[in-house]
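Undergrad:
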Amino acid sequence: MRNFRSELIDYRTQLDSLKAAREDAAHAQNRAELLGRRPFAASTPENPYANAGASASASSSSAAAGGYGGYGGGHARTTSTAEAGRAFGGGGDGDGLRETHALREQQFFSSTHSALDDYIARGQAVLGDLHQQREILKNTQRRLYSVGNTLGISGDTIRMIERRAKQDKWIFWAGVVAFFLFCWLVVHYLR
654 MRNFRSELID YRTQLDSLKA AREDAAHAQN RAELLGRRPF AASTPENPYA NAGASASASS
714 SSAAAGGYGG YGGGHARTTS TAEAGRAFGG GGDGDGLRET HALREQQFFS STHSALDDYI
774 ARGQAVLGDL HQQREILKNT QRRLYSVGNT LGISGDTIRM IERRAKQDKW IFWAGVVAFF
834 LFCWLVVHYL R
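If you read the sequence shown in my numbering, its first letter stands for residue 654, the second for the next number, and so on.
1. With distances taken between CB atoms, is the gap from L756 to M654 smaller than 8 Å?
2. Determine the extent of the alpha helix (DSSP H) in which S670 is found, giving its start and end residues.
3. Alpha carbon to alpha carbon, how far is R816 from I824?
4. Would you mind stating whether L780 and F657 have Cβ atoms separated by less than 8 Å?
5. My output table needs one value for R787: the three-state DSSP class, helix, strand or coil.
6. I need the boundaries of the alpha helix (DSSP H) containing L838, first residue and last residue.
7. Taking just the CA atoms, how far does E686 sit from A716?
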């Protein structure tokens, strides 16, 4: 019973540590995903349309000056709407990946919860069986004592027999120690 409780406490602490590690990993992954959505973070401004007016005026002034495209006066990076959508995670690929990941995570948690429920149910069944066996053994012991009393053996006689059995056990172990000591002495002095 004590062993079962200590194992249960150990399993619960392991589960808590695994949950904390899983939450830390999920947090790190979410953070990396959030910060990794903008592959051109250094070159793309926070507002993609901030330089739209400046690039239009720069391209018109360079065209008027006889320059080639964006290589004139004020060069500004412009992106197409498709590139901007991909850079900011607006494409369908990111949403599908997140949905797939969320579905896998949900399935993992549901299977983990069902496995834990099974383990707890098995533990409760084992604990119930142990309690039932304990009751059966106690009833058997009571019946044996009552049979002994019915046959005329008193409780004092039973206690005396138990005391004698304990003394016999001590005598046996003392004999074992004396025998090994004797064997050691014989081997030690006859060499």
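Cβ coordinates follow ideal geometry from the N, Cα and C atoms, glycine included.
TA: Quick answer:
1. Position 103 of the sequence shown, counted from the start, is the residue given in the question as residue 756. Position 1 of the sequence shown, counted from the start, is the residue given in the question as residue 654. Against a cut-off of 8 Å, the Cβ pair of M654 and L756 comes out as no contact.
2. As a first step, residue 670 is located in the sequence shown; it is residue number 17 there, counting from the start. Run containing S670: 655 to 688, per the alpha helix (DSSP H) assignment.
3. Residue mapping note: residue 816 aligns to position 163 of the sequence shown, counting from 1. Residue mapping note: residue 824 aligns to position 171 of the sequence shown, counting from 1. Whole-angstrom Cα-Cα distance: 12 Å.
4. Stepping through the sequence shown from its first residue, residue 780 is reached at position 127. Stepping through the sequence shown from its first residue, residue 657 is reached at position 4. Taking 8 Å as the Cβ cut-off, L780 and F657 qualify as a contacting pair.
5. Counting from one through the sequence shown, the residue named residue 787 turns up at place 134. Helix.
6. For the purposes of this step, residue 838 is taken as residue 185 along the sequence shown, with counting starting at 1. 808 to 843 is the span of the alpha helix (DSSP H), which, as asked, contains L838.
7. Here residue 716 corresponds to residue number 63 of the sequence shown, with the count starting at 1. Here residue 686 corresponds to residue number 33 of the sequence shown, with the count starting at 1. Note that A716 has pLDDT 47, beneath the 50 cutoff, so the model's placement of it is unreliable and no number is given.
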